[in-house]
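What follows is a short report on a single structure.
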Amino acid sequence: MIKTFDLARDTEPAERPMPMPKLKGHGNRRRGKPKNALDGWLILDKPIGLTSTQALGAVKRLFLPDKAGHAGTLDPLASGLLPLAFGEATKTVPFVVDGAKRYRFTVTWGAATDTDDADGAVIRTSDARPTRAEIEAALPRFVGEVTQIPPRYSAVKIDGQRAYDLAREGIEVEMKARTVTIDRLAIVGEPEADSVTLEADCGKGTYVRSIARDLAEMLGTAGHVSALRRTRVGPFDEDDMVTLAALQAGEADPQAMIDAHMRQPSAALEGLATVEIDRVAAGRLRRGQSAIMRELLAFGADEDIGALNAGELVALCRLQEGSLHPVRVFRSPRRRMVIMPKKPEPAAPEAAEPVEASQADA
């Protein structure tokens, strides 16, 4: 016990309890709801009407992951492939975001909008309608390394603020042109009188709305994107997608949904240089130590290398003087649902009000 003495009252020393020592690792720990330790990629087919953040939130409520994020944003008016990363897979998000994208979109002729899509206000109209031959002749101008100006309503940052926030506040800003890569742009199906559907294979930072706007202007008319669907991001394509409705339908058995649809964190590294290592080397890399490679590896010093053990991602490494040096380390993937989401209590049936004869007859 510690004795204290009150000088003002000149009383006998009082005793107060000795403060409990703080235990290591038991500081100001945040106490939250328990979460599931899940590692992997879930490739969502995002429905129209939800933002990417809202779609991620809906999936998180189903599986309660301890960590999750999405790779690449889709507008609410767009549908399609939205890669969701859980746990250790979040470390591989940059590889997916930087990957190639594929979009299928419809350009409607006759009206330009301030957002370059169907959600905006019409700012210009035109009666001109291009023919298929005219469209096909213009498309090669949009393939390769091209310069485009992003839409005013876009996620581009201007002086630290998103362009769409400035546009909603009525602030006029100059959108600077930038160079993007478009590998392919082709017509899908047969164009209609007022619209055409196109498919684009493009790189990071390409705005399909800018393609539609600029194509319409080149063809002497006005136009905007009226439908947009993403079908590929990096290594993931349409065959990997699962709908939100399907996940919600399997809510009674979320573990089955995880087993059926969650892919390994290493799935993001398709196309990346990889090397298979033994358990000893895997243990060293996971401890942050280098691993000597006995065989000659034909990798550059600045090249990212995925180190795999039995197909499981151990680390992202760089090769230095014949040894693998870990840059990002991964633990063994976890896929077990332990905490199940609470199901809403069924609403109690309301008592039926007595109905008078005159009401029943009506």
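Residue numbers for the sequence shown follow the working numbering, beginning at 707 and rising by one. We treat Cβ as the ideally placed atom computed from N, Cα and C, and that holds for glycine. Keep in mind the model is a prediction, meaning the values are calculated, not measured.
Presumed contact (8 angstroms Cβ cut-off) between residue i and residue j, rounded CB distance
i	j	result
ALA784	ALA928	Rounded, the Cβ-Cβ distance is 21 angstroms, inconsistent with contact.
SER758	LEU788	6 angstroms
SER916	PRO856	6 angstroms
ASP822	VAL948	Actually they do not touch by this definition, with Cβ atoms about 30 angstroms apart.
THR887	ARG808	Their Cβ separation, rounded to whole angstroms, is 13 angstroms, which puts THR887 and ARG808 out of contact at 8 angstroms.
PRO1039	GLN970	6 angstroms
VAL950	ALA761	Strictly speaking, residue 950 in this sequence is Leu, with Val absent from that position. Confirmed, Cβ separation roughly 7 angstroms.
VAL802	GLY909	Going by Cβ atoms, the distance from VAL802 to GLY909 rounds to 13 angstroms, so no, they are not a contact pair.
ALA899	ARG835	6 angstroms
VAL849	LEU891	6 angstroms
Cβ shell of residue i (< 7 angstroms), same chain only, five flanking positions each side left out
i	result
ARG767	PRO1047
LEU770	LYS741, ASN742, ILE1045, PRO1047
GLY755	PRO782
HIS967	LEU748, VAL948
LEU1003	VAL981, LEU1025
GLU1126	Beyond the ends of the chain as shown, which are 707 and 1068, falls residue 1126; an answer cannot be given.
GLU842	ILE893
VAL914	TYR809, PHE811, ALA906, VAL931, LEU934
GLU957	LEU768
HIS732	Residue placement at HIS732 is flagged as unreliable, the pLDDT there being 45, under the threshold of 50; a coordinate-derived value is accordingly withheld.
ARG858	ASP820, ALA869, ALA873, MET881
ILE864	LEU872, VAL879
MET999	GLY1028, SER1029, LEU1030
MET963	LEU953, GLY956
ALA844	LEU921, MET924, LEU925
GLY994	PRO1032, VAL1035
Alpha helix (DSSP H) segment containing residue i, residue limits
i	result
GLY989	985-992
ALA743	Counting along the chain, ALA743 falls outside any alpha helix (DSSP H), and DSSP gives it neither H nor E.
SER758	758-769
Contact check, residue i vs residue j, beta carbons under 9 angstroms
i	j	result
GLY911	ARG884	yes
GLY793	ASP745	yes
ALA933	ALA824	yes
ALA953	ILE983	Residue 953 is actually Leu in this sequence, not Ala. Contact flag unset, no.
ALA1013	GLN1026	no
TRP747	PHE942	yes
LEU780	VAL765	no
ALA979	GLU1001	no
ALA922	SER832	yes
MET924	ARG847	yes
ILE985	ASN1015	Per the sequence shown, the amino acid found at residue 985 is Arg instead of Ile. Going by C-beta atoms, ARG985 is nearer than 9 angstroms to ASN1015.
Close beta carbons around residue i, own chain, < 6 angstroms, minus the five adjacent residues each side
i	result
THR903	THR812, VAL894, GLY895
SER972	LEU1019
VAL1035	ARG992, ALA1021
VAL799	ALA777, ALA791
THR853	ALA883, THR885
ASP959	none
ALA988	ASN1015, VAL1020
Residue interval of the beta strand (DSSP E) (run including residue i)
i	result
LYS807	807-815
PHE801	It is not in any beta strand (DSSP E) - PHE801 instead sits in the alpha helix (DSSP H) that spans 799-803.
LEU780	Counting along the chain, LEU780 falls outside any beta strand (DSSP E), and DSSP gives it neither H nor E.
ALA1021	1018-1026
VAL828	828-831
ILE1011	1011-1015
SER1029	1029-1035
CB contact check: residue i to chain D, cutoff 9 angstroms
i	result
PRO771	Structure shown: chain D not included; a single protein chain is present.
Cβ shell of residue i (< 8 angstroms), same chain only, five flanking positions each side left out
i	result
ASP965	ARG1041
SER996	ARG990, GLN1026, SER1029, LEU1030, HIS1031, PRO1032
GLY876	none
GLU840	LEU925
ASP772	LYS741, ASN742, ALA743, LEU744, GLY793
Heavy atom of the ligand GDP within 8 angstroms of residue i beta-carbon
i	result
GLN995	The ligand GDP is not part of this structure, which contains no ligands at all.
Task: Uninterrupted alpha helix (DSSP H) stretches inside the segment 924-1004 (no shorter than 4 residues) - done: Complete alpha helix (DSSP H) runs here, min 4: 950-955, 960-967, 985-992.
Task: Segments of 4+ residues assigned as alpha helix (DSSP H) that fall wholly inside the segment 844-900 - done: The segment 844-900 contains these whole alpha helix (DSSP H) runs: 869-874.
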